[in-house]
Structures are given as structure tokens and as C-alpha cells.
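Those letters in the sequence shown? Residues 430 to 720, by this note's numbering.
Just so it is clear, CB atoms sit at the ideal spot from N, CA and C, and this is done for glycine as well.
Quick caveat, the model's predicted, so the values are computed rather than measured.
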Amino acid sequence: MTGFSAIARLLRFLPAPATPFLVEKVMVRSLMMAWPSRRRVALANLSRILEHVGRKPGEGELSSLLDQSLHLYSRFILCMIGLPGEERAAREEVDLDLLPALESLRSEGRGVVLATPNFGLVGHALWALRLKGLPMLLPILNRDFLAHHEAGVFAGVSTVGESARPSLRSLREGGVVAAIVDINYLPHRPATPFFGAPAPLGYAASRLARTSGAPLLPAYAVVRAGRCRFESHEPIDPRGRSLEEVNLLLARSMERAIGEHPEQWLVYNDFWNLEAMELEYRLARGLARWS
């Protein structure tokens, strides 16, 4: 069990209002965003995205978008903790709009690589898919982060670095492998053009699709009017395409979704600073062993 999983077990026993308050007001808004540089970077990321799609945001708009984003990020953490209210939201407040496209691709017998960034209520959306009974595998940095969840959820999670064979087996059997595509914990970090500059996007989903021949389905857990709609873009057929071509197509899809809803992209580090991101990835891999 990791430190996060142990803390999550404790937080689930607190009175109902206490845990959301501690996570959003203390952990996210006070501790995570306490350093002025972190807030400046988050605002600069939003500004880059909006300028790329032709908008010139003012300070007030950027601050409002960041406020909305931090609230969504807090709910993502609460979902990771497994708070009963967020579990209920995954069951009752997520519309799986992508399900027809997903099932149609699965009917081809090659499985599906479901590619999604840290966006919207992504944790709730993936949980809702799992509750639907789909054979789905989700590789994360350390599967023991979620050891406090019920066995049915925990069984569908694997650890990056140990997930290649289980993922390929799942795809051969017609299953779904979900991949978070705006982070890259693999040893190599090629840069992909993203919102006008090279960025260290993940390539595990693209590599898995090319190796297996499975179609890659870009998916986004968009929040609208208080509900989460798990939507998909056009599938990407990896056959006959290079890894760079597949990743570039995926990046264009991500630009489209994030450009429409920049406040729902849950990334707050200096994403286009390749040297800084290299250090952050290395640190995260090291901390994952015990955190």
C-alpha cells in the first residue's frame, strides 16, 4: 500500500464535508498553488491555448478559467480517493456518449486503445466505463495508488513498466486499454508539436496501437451543465502509419478538445519546458515507489 492509498483510507472516514474541503481548499488551492511561480505557469498554459485558437484572454478570464480547472482537479483527486459522493457521481452523472463508437470498434476483433488526457472528470468517466462491465485495463504510474478501492476496480489497473504484456493480451481478446496521453513515464520522451511548440506528450497509446494493430480512440470527459459526457473523436487507424504520425494525429485531436475547453485540462506544470518536464517525470517515477 502506498502513502496515498493509506491517506485515502483515512479521509474516507471523515465527516462528509471535511474531505472535499481539505482536498480543494487546503491541498489544491493552498498547498499546490501556494508558490506564485506555479500559478503563473498555470495561467501561462491557459493563455497559450487560448491564443493558439485565436482568443486574447484578459487576466480576469484566465483567473476564472483556472478557478474552474482547480475545482475539477479537486474532484479528480476525490475520485482517486474513492469518496462515496464521487463514486455515486460516476454511476449517475456520466453519459457514455462514446459507447456506440467503442463497441463498433471492438466488434472488429482487434480491441481498442482508448486515449484520453487529464481532462474534465476523466477519473469518473473511466470508473463509469469500468462499472459498465467492459473488459478494460488502465496502466498508471503505480497501481498501488488505488489499493484502497474495491477489488473490481483495482483488478483493472496495472503499473506502467509492467503493463505491456497484459495490455497486448487484453487487446488480442477484444478488450479496451485506456491510456493517459498527456503524460509520459516511459524512458524516452520524444517531443510532439502541441499548441504551437514541442511538448513531451505520451506515446504509449500510439506505440501500443501500432504494435497490436488496434484502433486508437481519442476520448474526452467533457463537463457540461453539471454532467460529464464521455465523448470520442474520430478513431485513428495505426496500420501503415509511423509512431510519429499516430502521435501527431492524436495531438491534433487533443488540441481540438482542449482548445474548446481549456479550463478542463488538468495540467499545471511548465509543460512546454522540456528540461523541466524531464526532471519532473524522473522525480515522479522515483516518488511513485513509496508515495
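Start and end residues, beta strand (DSSP E) containing S587
Sequence index remark: in the sequence shown, residue 587 carries index 158 (1-based). First-last of the beta strand (DSSP E) with S587: 586-588.
The segment 650-664 / the segment 525-539 touching (three or more Cβ pairs under 8 Å):
yes
Going by DSSP, which residues form a beta bridge with E660?
Here residue 660 refers to the residue found at position 231 of the sequence shown. In DSSP, E660 forms a bridge with Y649.
Taking one C-beta from the segment 558-565 and one from the segment 613-626 each time, how about it: are there three or more such pairs within less than 8 Å?
no
Report the three-state DSSP secondary structure of P546 (helix, strand or coil).
Sequence index remark: in the sequence shown, residue 546 carries index 117 (1-based). P546: coil per DSSP, three-state reduction.
Going by Cα to Cα distance, which pick from P486, S536, R441 is closest to G688?
Residue numbering aside, residue 688 sits at position 259 when the sequence shown is read from its first letter. Ranking the options by Cα distance to G688, first place goes to P486.
Skipping 5 residues on each side, what residues in its chain have a beta carbon closer than 8 Å to that of P644?
On the sequence shown, residue 644 is found 215 positions in, with the first residue counted as 1. Cβ within range, chain order: L534, E537, R539, V541, V542, A638, P664, I665, D666, P667.
Extent of the continuous alpha helix (DSSP H) to which V606 belongs:
The residue labelled residue 606 in the question sits at position 177 within the sequence shown. Note, V606: premise wrong, no alpha helix (DSSP H); beta strand (DSSP E) at 605-609.
Can you give the beta carbon distance from K568 to A608, rounded, assuming they're within the 8 Å contact cut?
For the purposes of this step, residue 568 is taken as residue 139 along the sequence shown, with counting starting at 1. For the purposes of this step, residue 608 is taken as residue 179 along the sequence shown, with counting starting at 1. The sequence given here has Pro at residue 568, not Lys. Confirmed, about 7 Å.
Is it the case that the Cβ atoms of R441 and L512 are separated by a distance below 8 Å?
Residue mapping note: residue 441 aligns to position 12 of the sequence shown, counting from 1. Residue mapping note: residue 512 aligns to position 83 of the sequence shown, counting from 1. It is a contact, given that the beta carbons lie within the stated cut-off.
Whole-angstrom distance between V652 and F450, CA atom to CA atom:
By one-based count along the sequence shown, residue 450 stands at place 21. By one-based count along the sequence shown, residue 652 stands at place 223. Rounded to the nearest angstrom, the two C-alpha atoms are 21 Å apart.
Is there at least one non-hydrogen atom of the ligand MG closer than 7 Å to the beta-carbon of S498?
The model on display carries no ligand, and the ligand MG is accordingly not part of it.
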